[in-house]
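Colleague:
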Amino acid sequence: GGDTALLEVNNIEVIYNHVILVLKGVSLSVPKGGITALLGGNGAGKTTTLKAISSLLGSERGEVTKGSILYRGERVEGGAPAELVRKGVIQVMEGRHCFEHLTVEENLLTGAYTRRDGRAAIQSDLEMVYTYFPRLRERRKSQAGYTSGGEQQMVAMGRALMSRPEMILLDEPSMGLAPQLVEQIFQIVKAVNESEGVTFLLAEQNTNVALRYAHYGYILESGRIVMDGPAADLRENPDVKEFYLGMG
Ligand code: ATP
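Residue numbers (full-length UniProt numbering): 6 to 253.
1. Assess contact between the stretch 154 to 163 and the stretch 135 to 142, defined as three or more Cβ pairs (one per stretch) separated by less than 8 Å. Is contact present?
2. Taking Cβ positions only, does V231 come closer than 8 Å to chain D?
3. Would the C-beta of A49 count as close to ligand 1, meaning under 7 Å from any of its heavy atoms?
4. So L44 packs on G222, CB below 8 Å; how close in whole Å?
5. Answer yes or no: the CB of R66 versus the heavy atoms of ligand 1, is any distance below 7 Å?
6. Express the C-alpha separation of T53 and L26 in angstroms, rounding to a whole number.
7. Give a yes or no on whether the C-beta atoms belonging to V109 and L141 are separated by under 8 Å.
8. Tell me the residue span of the alpha helix (DSSP H) that contains K51.
9. Consult DSSP for L89 and reduce its assignment to one of helix, strand or coil.
10. Hey, out of G100, V24, I95, G163, whose CA is closest to I127's CA?
11. With a CB to CB cut of under 8 Å and the five nearest residues on each side skipped, what residues in its chain are close to I230?
12. Along the alpha helix (DSSP H) that carries Q148, what are the first and last residues, could you check?
13. Measuring straight from C-alpha to C-alpha, what distance separates E199 and G39?
14. Of the residues V19, L12, N16, A49, which one's Cα is nearest the Cα of K37?
15. Using C-beta distances below 7 Å, list every residue in its chain close to D216, excluding the 5 sequence neighbours before and after it, in chain order.
16. Please report how far the alpha carbon of D73 lies from the alpha carbon of K92, in whole angstroms.
17. Per DSSP, what kind of secondary structure is E188 in: helix, strand or coil?
18. Exposed or buried, which one is E105 when buried takes at least 16 other CB atoms within 10 Å?
19. Should A196 be labelled buried (16 or more other beta-carbon atoms within 10 Å of its own) or exposed?
20. With 16 other CB atoms within 10 Å as the buried threshold, where does Y218 fall?
21. State yes or no: is the C-beta of Y135 nearer than 7 Å to some heavy atom of ligand 1?
22. If you follow the alpha helix (DSSP H) that L237 is in, where does it begin and where does it stop?
23. Quick check: does the Cβ of Q210 come within less than 7 Å of any heavy atom belonging to ligand 1?
Here is the structure:
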């Protein structure tokens, strides 16, 4: 990937319910075309950071009270969630969130709702998604609620791809999945990154797998970035090895 920052988070503070300070000055930079990992244990603030970026804190009674977030150089913090989607940023939430009563294919098609480029383009993107996720083609007529956790993660990612995003915020893709499936999901992230040029910012507790696929990593502890660097360096760092590489 290149090194132009697509997304810049500058020293943000996030407070829930006017009193609970969760992010205490987080800064990070996501280069266009890269895979950036946001790492850290349970409750470190990874999800909060992603939701701050995608303006999804409102429904959680959370607020960015300090700092700024820039997407392609424009300030976006505290805006409307739909606006960021229009700019090309889509979040895949932790826990998948499929429409359980719709089929796999119907779920994928809901991802194309903001597009204006017609049926043929949407059909060709559906093919693109099925190429990355052959399993979803097999399951396309199945009700999403009856598919496995891994398949639901694929549906959530596939639906995000259907909006032709420039950047995907991916929250804890490994959660609850068997190691082999985790590996498969990350291989797809890498393939989508390389072939479609989609930029990723992914939050992960599974440091080991994330640092094998990401280009750059940030480690979050209690609402602060305590370390960052190229993934290859972090993998070799003694502190990271001691405190994080056993996790996940
Ligand atoms: P996890 O892997 O558990 O999702 P995380 O690193 O994503 O961890 P967050 O979900 O961002 O962490 O949570 C960070 C802190 O903020 C936690 O202490 C959590 O209890 C608190 N928190 C999260 N959401 C809210 C909320 N809506 N109201 C108050 N506190 C919250």
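Where is the CB? At the ideal position from N, CA and C, for every residue including glycine.
Modeller: Quick answer:
1. Between the stretch 154 to 163 and the stretch 135 to 142, the count of C-beta pairs closer than 8 Å reaches three or more; the two stretches touch.
2. Reference to chain D is not applicable here, since this structure consists of a single protein chain.
3. For the purposes of this step, residue 49 is taken as the residue at position 44 of the sequence shown. Indeed, a heavy atom of ligand 1 lies less than 7 Å from the Cβ.
4. For the purposes of this step, residue 44 is taken as residue 39 along the sequence shown, with counting starting at 1. For the purposes of this step, residue 222 is taken as residue 217 along the sequence shown, with counting starting at 1. Going by Cβ atoms, the distance from L44 to G222 rounds to 6 Å, so yes, they are a contact pair.
5. Position 61 of the sequence shown, counted from the start, is the residue given in the question as residue 66. True, at least one ligand heavy atom lies under 7 Å from that Cβ.
6. If you number the sequence shown from 1, residue 26 lands on position 21. If you number the sequence shown from 1, residue 53 lands on position 48. The straight-line gap from Cα to Cα measures roughly 11 Å.
7. For the purposes of this step, residue 109 is identified with residue 104 of the sequence shown, where counting begins at 1. For the purposes of this step, residue 141 is identified with residue 136 of the sequence shown, where counting begins at 1. For V109 and L141, yes; Cβs fall inside 8 Å.
8. In the sequence shown, residue 51 corresponds to position 46, counting from 1. Bounds of the alpha helix (DSSP H) holding K51 are 51 to 58.
9. To locate residue 89, count along the sequence shown from 1; it is residue 84. Under the three-state reduction of DSSP output, L89 falls in the helix class.
10. Taking the sequence shown and counting its residues from 1, one reaches residue 127 at position 122. Closest by C-alpha distance to I127, out of G100, V24, I95, G163, is G163.
11. Here residue 230 refers to the residue found at position 225 when the sequence shown is read from its first residue. Apart from the 5 residues on each side of it in sequence, I230 sits with its Cβ closer than 8 Å to the Cβ of V31, S32, L33, Y223, I224 in its chain, given in chain order.
12. Walking along the sequence shown from the start, residue 148 turns up at place 143. Segment: none, Q148 is in no alpha helix (DSSP H) and carries neither H nor E.
13. On the sequence shown, residue 199 is found 194 positions in, with the first residue counted as 1. On the sequence shown, residue 39 is found 34 positions in, with the first residue counted as 1. Roughly 9 Å between the two C-alpha positions.
14. The residue you call residue 37 lines up with position 32 of the sequence shown. When only C-alpha atoms are compared, the closest one is L12.
15. Residue numbering aside, residue 216 sits at position 211 when the sequence shown is read from its first letter. What sits at residue 216 in the sequence shown is Leu, not Asp. Counting only Cβ-Cβ distances below 7 Å, and skipping sequence neighbours, we find A42, G222, A236, L239, R240.
16. The sequence position of residue 73 within the sequence shown is 68, counting from 1. The sequence position of residue 92 within the sequence shown is 87, counting from 1. In the sequence as presented, Asp is not what sits at residue 73; that position holds Ser. Whole-angstrom Cα-Cα distance: 17 Å.
17. What you label residue 188 is simply residue 183 of the sequence shown in a count that begins at 1. The answer is helix: DSSP assigns E188 an H, G or I state.
18. Looking up residue 105 in the sequence shown gives position 100. By the neighbour-count criterion, in which 16 or more other beta carbons inside 10 Å mark a residue as buried, E105 falls on the exposed side.
19. Within the sequence shown, residue 196 is the residue found at index 191, counting from 1. Here A196 is exposed: its Cβ has fewer than 16 other Cβ atoms, across all protein chains shown, within 10 Å.
20. In the sequence shown, counting from the first residue as 1, residue 218 sits at position 213. With 16 or more other Cβ atoms from the protein chains shown falling within 10 Å of its own Cβ, Y218 counts as buried.
21. Mapped onto the sequence shown, residue 135 falls at position 130. Every heavy atom of ligand 1 is 7 Å or more from the Cβ of Y135, so no.
22. On the sequence shown, residue 237 is found 232 positions in, with the first residue counted as 1. In the sequence under discussion, the amino acid at residue 237 is Ala, which differs from the Leu named in the question. According to the DSSP assignment, A237 belongs to the alpha helix (DSSP H) that extends over 236 to 241.
23. Within the sequence shown, the letter at position 205 stands for residue 210. Checking the Cβ of Q210 against ligand 1 gives yes.
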